[in-house]
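Numbering (my numbering), first residue to last: 56 to 224.
This report refers to the structure that appears directly beneath it.
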C-alpha cells in the first residue's frame, strides 16, 4: 500500500506536486515514499528498493531517458506500473500527467493584457525544452488573439545553468 515518487524534490514547485500526490494517495489508503535522484543513489538501487518494499506503483518526475528506460527494465517485468508527471517525455508504454503549456502561455498573456499591459516579454531558461516551446507558442497565440504584434526583441531566452538561471532559482 505504498506509492513511490522518484525524482528531484528540492524546489517548492515539486513539493506542491508531491503534496497533491500525497493527499490523493492518503485518500486512497496508500502511503507515499520519496526517492530523490540527486542523492548519489543510482536508478538501479532505487528500483531495487522499490521492488524490495513492494511498492504498488511509481510516479516519476524529470528523469533522463536512460534512467527512465532502466527503471522500466527493472519494474515492468514485476508488474509495477510507472506514471510520468510534469515535463517528462511522452511514451506509449506509460501514462503521463502534464500541464497544458500552450494554454498556460496564452492565459498568462491574457491576464497581463486584462491588467493593462500592452508590451509583454516572454522569458525562458531553456528555449529548446518542450514546455518552453509550447509556452512560447501560447504566448504568441495570446498576442495574436489580442491583436498585439509579436516583437522578437521581447523573447528573453537564457541557457540552463546561466547566471540568470542561478539568480532565478
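Note that the Cβ used here is the ideal one computed from N, Cα and C, for glycine as well.
Please read all numbers here as calculations on a predicted model, not as lab measurements.
Residue environment, residue i, which counts as buried when at least 16 other CB atoms sit within 10 Å
| i | result |
| --- | --- |
| residue 140 | buried |
| residue 92 | buried |
| residue 155 | exposed |
| residue 220 | Its pLDDT being 44, under 50, residue 220 is placed unreliably by the model, and the measurement read from it follows with that caveat. Exposed is the call here. |
Residue i: first and last residue of the uninterrupted beta strand (DSSP E) it sits in
| i | result |
| --- | --- |
| residue 149 | Where residue 149 is concerned, there is no enclosing beta strand (DSSP E), given that its DSSP letter is neither H nor E. |
| residue 89 | 86-90 |
Own chain, CB closer than 7 Å to residue i, minus 5 neighbours either side, in chain order
| i | result |
| --- | --- |
| residue 80 | 58, 86, 87 |
Through-space distance from residue j to residue i, alpha-carbon basis
| i | j | result |
| --- | --- | --- |
| residue 121 | residue 209 | 36 Å |
| residue 148 | residue 206 | 40 Å |
| residue 117 | residue 150 | 14 Å |
| residue 194 | residue 119 | 27 Å |
| residue 134 | residue 153 | 23 Å |
| residue 78 | residue 84 | 10 Å |
Residue i, enclosing alpha helix (DSSP H) - first and last residue
| i | result |
| --- | --- |
| residue 178 | Per DSSP, residue 178 belongs to no alpha helix (DSSP H); it is in the beta strand (DSSP E), 177-179. |
| residue 196 | 185-201 |
| residue 164 | 156-169 |
| residue 103 | 98-107 |
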